[in-house]
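Student:
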Amino acid sequence: MAFFRKRINDNPAVSKSPAHRETGEEDVLPSGSMLQGSSPLVSVVIPVYNAMPFLTELLNSLEAQDLEPEEFEVIAVDDGSTDFGGEILDVYAKRNSNFIALHQENSGWPGKPRNVGIENARGEYVFFIDSDDRLGPQALRRMTSFALEHDVDVLVPKMVGLDGRRVQAKLFEKTILDVDYDFILRTLSPQKMIRRRLLNSHGIRFVEEKVRLEDGIAMVEAYSAAQRISILGDYNYYEIRLRSDGQNISTQQIDPAGYVGSLTKIAETIATYTGPDLEVARKRIAGLFVRKGLRFYDGQRFLRYTAEQRAAWVSSHKSFLETFHLDNSAALFKPQEAKLVDAILAGDLEYLEQLAQNKMEAEKAPAVVSVENTAERICLVVDFPVSGPSPIGIHIRDRDTETVARGELAVDESGSRLTASFPRAAVLESISRLGNIFIEYQGVPAKRIRMGKSVASQEFSGLLVYATANGYMSIDARQAK
Numbered sequence: 019m020a021f022f023r024k025r026i027n028d029n030p031a032v033s034k035s036p037a038h039r040e041t042g043e044e045d046v047l048p049s050g051s052m053l054q055g056s057s058p059l060v061s062v063v064i065p066v067y068n069a070m071p072f073l074t075e076l077l078n079s080l081e082a083q084d085l086e087p088e089e090f091e092v093i094a095v096d097d098g099s100t101d102f103g104g105e106i107l108d109v110y111a112k113r114n115s116n117f118i119a120l121h122q123e124n125s126g127w128p129g130k131p132r133n134v135g136i137e138n139a140r141g142e143y144v145f146f147i148d149s150d151d152r153l154g155p156q157a158l159r160r161m162t163s164f165a166l167e168h169d170v171d172v173l174v175p176k177m178v179g180l181d182g183r184r185v186q187a188k189l190f191e192k193t194i195l196d197v198d199y200d201f202i203l204r205t206l207s208p209q210k211m212i213r214r215r216l217l218n219s220h221g222i223r224f225v226e227e228k229v230r231l232e233d234g235i236a237m238v239e240a241y242s243a244a245q246r247i248s249i250l251g252d253y254n255y256y257e258i259r260l261r262s263d264g265q266n267i268s269t270q271q272i273d274p275a276g277y278v279g280s281l282t283k284i285a286e287t288i289a290t291y292t293g294p295d296l297e298v299a300r301k302r303i304a305g306l307f308v309r310k311g312l313r314f315y316d317g318q319r320f321l322r323y324t325a326e327q328r329a330a331w332v333s334s335h336k337s338f339l340e341t342f343h344l345d346n347s348a349a350l351f352k353p354q355e356a357k358l359v360d361a362i363l364a365g366d367l368e369y370l371e372q373l374a375q376n377k378m379e380a381e382k383a384p385a386v387v388s389v390e391n392t393a394e395r396i397c398l399v400v401d402f403p404v405s406g407p408s409p410i411g412i413h414i415r416d417r418d419t420e421t422v423a424r425g426e427l428a429v430d431e432s433g434s435r436l437t438a439s440f441p442r443a444a445v446l447e448s449i450s451r452l453g454n455i456f457i458e459y460q461g462v463p464a465k466r467i468r469m470g471k472s473v474a475s476q477e478f479s480g481l482l483v484y485a486t487a488n489g490y491m492s493i494d495a496r497q498a499k
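In case it helps, this note's numbering puts the sequence shown at residues 19 to 499.
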């Protein structure tokens with residue numbers, strides 16, 4: 019199978035894979051290769067650094083694509099890997115005429131290898147993917163077909179999580195041909211397919227320094243330049259992984275000043291795109307701050323920081339809020355968000371710490387302190403956080419059928435303890451095998467009840483109340499009479 023090489027702008031720090039032939043100064047186009055005809059539909063750009071063994075999963079998923087090889091190219095840029103990832107890329111480049119392996123000295127961040135990929139791309143579109151993720155086998159065919167049919171500039175494929183990675187599932191609930199600018203700002207990650215002409219004509223490139231949100235800076239520039247942005251929600255296109263070794267960039271320590279500096283660049287792009295309507299610009303930037311700023315004050319996360327780190331976050335965020343005139347908190351933020359914003363603007367670390375502590379307390383799961391399992395009913399006494407939402411109901415939900423048995427609930431005068439009662443007959447009618455117990459709240463998701471450490475399992479006539487391996491209270495009705 020033919021293979022080839024590409025030059026990277028005469029950069030002496032970049033070497034070519036030994037799998038690539040060299041003949042003078044021009045790119046080698048082997049006879050009969052895909053490069054002698056029309057350009058590919060899409061160039062898949064992968065920054066690679068120490069991604070083994072996940073890298074092979076990604077490359078295998080690219081080999082398995084049902085799009086014809088001449089319709090796409092894979093440009094993998096090895097950023098000085100030390101785990102044999104570079105050698106693996108060469109193996110795949112040798113056996114696939116549309117795979118290109120490029121090698122460079124370690125730059126320390128994904129920005130430069132992505133830019134190298136753009137400079138060497140030939141496709142109508144450029145699709146940025148990470149080296150520890152993988153694609154569904156129909157991904158490239160379906161994405162390019164949709165993009166070409168509908169003249170899309172930026173295409174956002176549905177993502178699903180691997181190994182516990184969380185994704186914004188609501189973002190991908192359905193296919194949207196024309197995505198609203200405010201809606202697309204909810205996703206700043208780089209896993210997008212973007213028209214190459216748009217990247218080049220607007221000079222859109224990734225920041226190459228070691229700063230956070232470098233991908234978000236480039237994505238918002240692309241959103242602001244695009245005529246049509248679409249979301250494809252009809253297929254599991256992109257599987258994104260949570261690495262157990264903690265090597266996802268998103269899990270590494272963040273410098274407050276650098277992070278907020280990147281956030282400032284994103285906000286400036288949003289303001290420029292929005293134009294003279296300052297009120298709309300402020301609302302958009304306020305939304306950005308809620309998603310990318312206030313999350314650092316989220317209970318346990320904020321309290322894990324040292325006092326010095328907390329002060330650094332508050333100082334950087336205060337500067338951001340003042341720069342973009344986000345001091346009218348009541349008009350721009352929800353009430354709980356406004357409390358945080360006002361405290362940041364006031365530099366009130368003590369109050370921010372108290373809010374974080376309150377949030378941690380409110381998020382604690384309710385816990386059973388007493389169980390009575392009899393011939394007539396199951397009775398529970400449950401403690402719940404006084405600073406959290408007030409319970410409005412309780413039910414047992416069948417794990418298989420989702421049917422529920424509802425109980426009677428009463429909250430005592432302390433506001434932190436409730437009693438609940440479930441008729442045995444109603445439980446057996448609704449729960450065929452196993453059931454989980456939930457407390458319901460107004461406006462927030464129901465919470466499972468934990469089994470207190472001092473509370474023992476109870477069985478009556480085959481109906482068992484017990485604690486799961488994770489400490490939650492459950493019902494086992496399989497032996498009930």
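Using N, Cα and C, we set each Cβ at its ideal position, and we do this for glycine too. Just so we're clear, the structure is a prediction, and the values are computed from it rather than from any experiment.
Distance check for Gln354 and Lys382, CA to CA, integer angstroms please.
Tutor: Distance between the alpha carbons of Lys382 and Gln354 is about 18 angstroms.
Student: Considering only residues of the same chain and omitting the five flanking positions on each side of Ala299, which have a CB-CB separation below 6 angstroms?
Tutor: Once the five neighbours on either side are set aside, the close Cβ partners of Ala299 are Ala289, Thr292.
Student: Identify, in the order they occur along the chain, each residue of the same chain with its Cβ nearer than 7 angstroms to the Cβ of Ser49, setting aside the five sequence neighbours on each side.
Tutor: Residue placement at Ser49 is flagged as unreliable, the pLDDT there being 25, under the threshold of 50; a coordinate-derived value is accordingly withheld.
Student: Between which two residues does the alpha helix (DSSP H) holding Leu166 run?
Tutor: Counting along the chain, the alpha helix (DSSP H) containing Leu166 begins and ends at 157-168.
Student: To the nearest angstrom, how far is the alpha carbon of Lys471 from that of Arg496?
Tutor: Those two C-alpha atoms are separated by around 24 angstroms.
Student: Taking only beta-carbon atoms, is Val178 less than 9 angstroms away from chain B?
Tutor: The structure shown contains no chain B, having only a single protein chain.
Student: Kindly identify the DSSP beta-bridge partner or partners of Pro441.
Tutor: In the DSSP output, where bridge partners are listed per residue, Pro441 has Arg395.
Student: Hey, how far is the Cα of Ser99 from the Cα of Ala464?
Tutor: Roughly 45 angstroms separates the two Cα atoms.
Student: Tyr459 bridges to which residues according to DSSP?
Tutor: Looking at the DSSP assignment, Tyr459 forms a beta bridge with Pro409.
Student: With respect to the alpha helix (DSSP H) encompassing Ile64, which residues constitute its N-terminal and C-terminal limits?
Tutor: Run containing Ile64: none in the alpha helix (DSSP H); it sits in the beta strand (DSSP E), 60-66.
Student: What is the residue span of the alpha helix (DSSP H) that Glu297 lies within?
Tutor: Its alpha helix (DSSP H) spans residues 296-310.
Student: Whole angstroms are fine: how far does the CA of Ser334 sit from the CA of Ser242?
Tutor: About 26 angstroms.
Student: With burial defined as no fewer than 16 other Cβ atoms inside 10 Å of the residue's Cβ, what is the status of Ala187: buried or exposed?
Tutor: Exposed.
Student: For Leu306, which residues of its own chain have a beta-carbon under 8 angstroms away from its beta-carbon, when the five flanking residues on both sides are left out?
Tutor: Hits under 8 angstroms: Leu203, Leu281, Ile284, Ala285, Ile288.
Student: Between the beta-carbon of Tyr459 and the beta-carbon of Ser408, is there less than 9 angstroms?
Tutor: Yes; because the gap between Cβ atoms is below 9 angstroms, this pair is in contact.
Student: Under 9 angstroms, do Lys192 and Tyr253 count as touching if we go by C-beta distance?
Tutor: Contact flag unset, no.
Student: Measuring straight from C-alpha to C-alpha, what distance separates Ser163 and Ala69?
Tutor: The alpha-carbon atoms of Ser163 and Ala69 are separated by roughly 30 angstroms.
Student: In angstroms with no decimal places, state the Cα-to-Cα distance between Asp430 and Gly311.
Tutor: Cα to Cα, Asp430 sits roughly 38 angstroms from Gly311.
Student: Within the continuous beta strand (DSSP E) that includes Val429, where are the two ends?
Tutor: Element bounds for Val429: 426-429.
Student: Starting from Gln354, trace the alpha helix (DSSP H) both ways and give me its first and last residue.
Tutor: Counting along the chain, the alpha helix (DSSP H) containing Gln354 begins and ends at 353-364.
Student: How is Gly554 classed by DSSP in three states: helix, strand or coil?
Tutor: Past the edges of the chain, shown from 19 to 499, lies residue 554, and the structure says nothing about it.
Student: From the DSSP secondary-structure annotation, give me the bridge partner or partners of Tyr256.
Tutor: Its beta-bridge partners are Leu153, Met177.
Student: In three-state terms, what does DSSP make of Ala111?
Tutor: Helix.
Student: Which term fits His121, buried or exposed, when burial requires 16 or more other beta carbons within 10 angstroms of its beta carbon?
Tutor: Counting Cβ neighbours within 10 Å, His121 comes out buried, since at least 16 surround it.
Student: Is the Cβ-Cβ distance between Arg246 and Asp169 less than 9 angstroms?
Tutor: Yes, the Cβ-Cβ distance between Arg246 and Asp169 is below 9 angstroms.
Student: Assuming Gly433 contacts Ile412 (C-beta within less than 8 angstroms), just tell me the rounded distance between them.
Tutor: 16 angstroms between Cβ atoms; not a contact.
Student: If we call anything under 9 angstroms between Cβ atoms a contact, is Leu398 one with Arg442?
Tutor: Not closer than 9 angstroms, so no.
Student: Identify, in the order they occur along the chain, each residue of the same chain with its Cβ nearer than 6 angstroms to the Cβ of Phe145, setting aside the five sequence neighbours on each side.
Tutor: Contacts found: Val60, Val62, Met211.
Student: Any idea which residues DSSP pairs Ala487 with across the strands?
Tutor: Ala487 is not bridged to any residue.
Student: Alpha carbon to alpha carbon, what distance is there between Ala349 and Asp198?
Tutor: So the alpha carbons of these two residues sit roughly 22 angstroms apart.
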